Amino acid sequence: MASLGVNIDHIANVRQARRGMEPDPVSYALLAELGGADGITVHLREDRRHIQDRDVKLLRSLVRTRLNLEMAATEEMAAIALEIRPDMVTLVPEKRQEVTTEGGLDVAGQRDALQSLVERLQAAQIGVSMFVDADPLQLEACRAMGARWVELHTGSYAEASWAQQPRELARLCEASFMARSLGLRVNAGHGLTYQNVEPIAAIEGIEELNIGHTIVARALAVGLEQAVRQMKALVQNPRTEPLFGSATP
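If you're matching positions, the sequence shown starts at 53 in our numbering and goes up one per residue.
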């Protein structure tokens, strides 16, 4: 049964549209926890387009579940993570011109640059996850550099046509199985909605789904607590059989 990490970046997007004080993503993180969120995820971008340093500091002191800090693999972000000490850091690719993260991190192509950062964070007792595509080469690189977690990028599945979605789902199933065979723990996220999340939640071995935009969108109609409750019900009780059954690596 997967747990639910709620990404609150889009709460901060609304605040930053006016550069004001509301809505405060810190307050909404607490509402998400009241709704049953198992963790809170934020992406502190280098351009600070939504989440701000102040938000991360307050969240660290107030979040009672788990705080997952998504960040680029830079020295600036490493220093912030080592100061704040989130429960987990998820290393993601980042481009200034993108609207949202467009794909997984190229761990295989940046192994030497990333390995030192991973080792420093893990030495500080911060869990490190690598946000990667469902690609065997990337999974093997994550294991080789000593990472303990991966977060599978589900964007290709979420954006696929009805005809292509089964193939993308199969790739994620295979990647989850392979990652666990390599000794990695597995999360997943990106582009998941109330309409497409259940097949992903049913994949054997996925421990947590990180979901943001669709929950915040539904919260406009029903409130954040209720939106989180509705998503958590789908994640924990998907109306489909676990994919790959009870296979274990």
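Note that CB positions come from ideal geometry on N, CA and C, so glycine has one too. Predicted, not measured: the structure shown is a model, and the values here were computed from it.
Assignment of beta-bridge partners to residue 258 by DSSP yields 238. In the structure shown, the three-state DSSP call for residue 120 is strand. Relative to the Cα of residue 254, the nearest Cα in the group 228, 268, 104 belongs to 228.
The three-state reading of DSSP puts residue 62 in helix, counting H, G and I together.
Residue 103 sits in coil when the DSSP states are folded into three classes, being neither helix nor strand. Counted as a single uninterrupted DSSP element, the alpha helix (DSSP H) harbouring residue 249 occupies residues 249–253. When C-alpha distances from residue 61 are compared across 202, 105, 87, 218, the shortest belongs to 105.
A residue is called buried when at least 16 other Cβ atoms come within 10 angstroms of its Cβ; residue 216 does not meet this threshold and is exposed.
Following the DSSP letters along the chain, one finds residue 142 inside the beta strand (DSSP E) bounded by residues 140–143. In the three-state DSSP reduction, residue 213 falls in the coil class, being neither helix nor strand.
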